């Protein structure tokens, strides 16, 4: 046998040997004609394939890159941009400068750059914009179908990796930017996951975040970088545009202030200035926020910061390590954003910032219709640290605080459970505070917030192991149902601003500031305190007389007892148990004609004085000794003499305001035993018919 002679040609048809043909061999034999034509076709196809493979080899092995620069001479010249392969479809030659990109050398499109693989499609689908590239059968995209429902992982966030904090910040930024462009949406976070971040992020309007118990752990949320956490809204100190520029230029963390922007003045509320609204209709559920610092002396973070925002709800927030778990508005003009209708429910602070805490729960300022409903502190603040209170408001109206539970606040510099400062129509209920200087305090510095027609209502305050249950430094509050255990005092009147208040409970011990120019009686006069009303007791002399009626010149059963010459008449009045203190004594009498002359040693020898002496007395102790003298307070002795007074009627009033409290108490006095106070009048008579009249006692009961 010999080999076929093959010719590279395309044979249009292949013959079949008919039944009637005589079969013969050889190059032209009938038996070999079909085989030769098939061999010719095969040779033809091989040569075509070999030629095509040669033409494509350059493209498959493309080595030109944008990074190195190149000159392209035909559409077959391929160039690499990272992992993406492109060709030029415009005019040739095409010069590509080193370090350039498709976008800077003509862009992608008709007559410009074109991709030669599906790498770009894969890249786009894998990006945070991927769902918006996936079409749906009835139109729209997968993103449209989800209705704006997103999760951090869609934008590159990685849970459980502290080294990913920087990238995670950018991922959350991209997530919020997408929702901002779409006008809102819904965020779902992986249940129980922890996402570390290192820069502040801004939540746009119309967003609902379901954290499902996930944690955002912020590393180094210092004030220089906006205090970290999440911001709803924005303003001068926490400026969205400034933060966005830092993200877009990859220069974050960075300062986020914009001092060219001026927030509303204090009292110019967002409620009435809608043009200042930066965010609204935001709901956050079941989020945990944690702050941690690489420098043990650093501090200053706010977990949730709401500025120039309205209609915000925060549910079941847990916080650890923050200077404030939340901040609504601010009171430092010109950085004084306002809030309206912002409410937080069921807040738990596991531990506040151990270095320095402003308010472990948070602060509401320059805002209206805001609320804290349920807040619990699990661990005390660091003793001796600056500031350090539980919750405060300043420059607010129509706010509501309730269910505040602080079992152990800690003795910081401020150490106030709840501070109500510059507030009107604000309602506080169910405050429970332990181990603090004050469970609740009121204060004001702006007089316009003192309005008797818009009182603050404070009720159900329970203090345990505090210096005082309530410290009052403002006007016009109604305070009711205050209870204390192991507290030094129930009420502390902080300064002379504490007037016009109504205390609907009967306090135990009350004190005033050491620096107060007024004494306790003044605060009782200018506030309404249950159990402390001033009244007058009028006593007839016949009811006080202790002696022999035979020594009297005359007497009646109403207002007059007249005495004979040379006797000393004694009158004693025991103060009844229902009174709390003696405030003043007014007594009246009459020196007969000649009493002054008789008392003057220059005119009468020996002189025969006529005088009336009053002495407030306490039993010194409960000692049974009969030799023990009564204790007469330094300001408890009063004398009127005919020698200096002259003949005729006299009326003398002596108050006890020089005493430490401004009165003499029935109980708790340093002078003597409780409920032992009486007053003794001794009337010495140098002439006949001197008259003792009725006595008026001004008392507290």
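In the UniProt record's numbering, the protein residues as written are 1 to 701. Glycine is no exception: its CB is placed at the ideal position from the N, C-alpha and C atoms. On a predicted model such as this, the values are computed, not experimentally measured, just so you know.
DSSP, reduced to helix, strand and coil, places residue 513 outside both helices and strands of the structure shown, so it counts as coil. Contact check between the stretch 320-333 and the stretch 241-258: fewer than three CB pairs, one atom from each, fall below 8 Å, which does not count as touching.
Between the C-alpha atoms of residue 85 and residue 110 there is a straight-line separation of about 16 Å.
Three or more Cβ pairs closer than 8 Å define a contact, and the stretch 312-319 falls short of that threshold against the stretch 253-262. DSSP places residue 371 in the uninterrupted beta strand (DSSP E) bounded by 371-377.
With 16 or more other Cβ atoms from the protein chains shown falling within 10 Å of its own Cβ, residue 455 counts as buried. Residue 525 sits in a helix when the DSSP states are folded into three classes.
If you draw a 10 Å sphere on the C-beta of residue 170, you find 16 or more other C-beta atoms in it, and that means buried. Annotation for residue 407: 434 place their beta carbon closer than 7 Å to its own, counting only its chain and skipping 5 residues before and after. Under the DSSP assignment, residue 123 falls outside any beta strand (DSSP E), being part of the alpha helix (DSSP H) whose first and last residues are 119-126. 576 is the residue among 369, 576 and 492 whose C-alpha sits nearest the C-alpha of residue 701. Counting the other CB atoms within 10 Å of its CB gives residue 38 a total below 16, which places it among the exposed residues. Note on residue 241: under 16 other CB atoms within 10 angstroms of its CB, so exposed under the neighbour-count rule. In this structure the stretch 676-684 does not touch the stretch 518-538; the number of beta carbon pairs closer than 8 Å is below three. At least 8 Å separates the beta-carbon of residue 197 from that of residue 159.
Taking each of 228, 401 and 268 in turn and checking the Cα distance to residue 257, the smallest one comes out for 228. By the beta-carbon neighbour count (other beta carbons within 10 angstroms, threshold 16), residue 596 is buried.
Annotated three-state conformation of residue 598 is helix, per DSSP. Residue 36 holds the alpha-carbon nearest to the alpha-carbon of residue 13 among 6, 5 and 36. Judged by DSSP secondary structure, residue 168 falls within the alpha helix (DSSP H) whose first and last residues are 165-182. Cα atoms of residue 591 and residue 696: separation of roughly 19 Å, rounded to the nearest angstrom. A buried status is given to residue 233, since no fewer than 16 other beta-carbon atoms sit within 10 Å of its beta-carbon. The three-state reading of DSSP puts residue 645 in helix, counting H, G and I together. Annotation: the continuous alpha helix (DSSP H) that includes residue 244 extends over 240-248. A distance below 7 Å between beta-carbons, with the five flanking residues on each side excluded, links residue 148 to the following residues of its chain, in chain order: 179, 182, 184, 185 and 186.
Rounded to whole angstroms, the gap between the alpha carbons of residue 453 and residue 645 is 50 Å. Under DSSP, residue 588 shares a beta bridge with 651. Around residue 155, the same chain offers 128, 171, 172, 174, 175 and 178 as residues with beta carbons nearer than 8 Å, after the five sequence neighbours per side are excluded.
Residue pairing by DSSP places residue 7 in no beta bridge whatsoever. Runs of the beta strand (DSSP E) lying entirely within the stretch 281-321, each at least 3 residues long, are 288-292, 302-307 and 309-315 in chain order. Between the C-alpha atoms of residue 428 and residue 462 there is a straight-line separation of about 12 Å.
In the structure shown, residue 78 falls within a strand segment according to DSSP collapsed to helix, strand and coil. For residue 688, there is no enclosing beta strand (DSSP E), as DSSP gives it neither H nor E.
By DSSP's assignment, residue 615 forms a beta bridge with 637 and 680. The beta carbon of residue 9 sits closer than 7 Å to the beta carbons of 40 and 44 from its chain, once the five residues preceding and following it are set aside; these are given in chain order. The stretch 525-564 is shown to contain whole beta strand (DSSP E) runs of 3 or more residues at 534-539, 552-555 and 561-563, in chain order.
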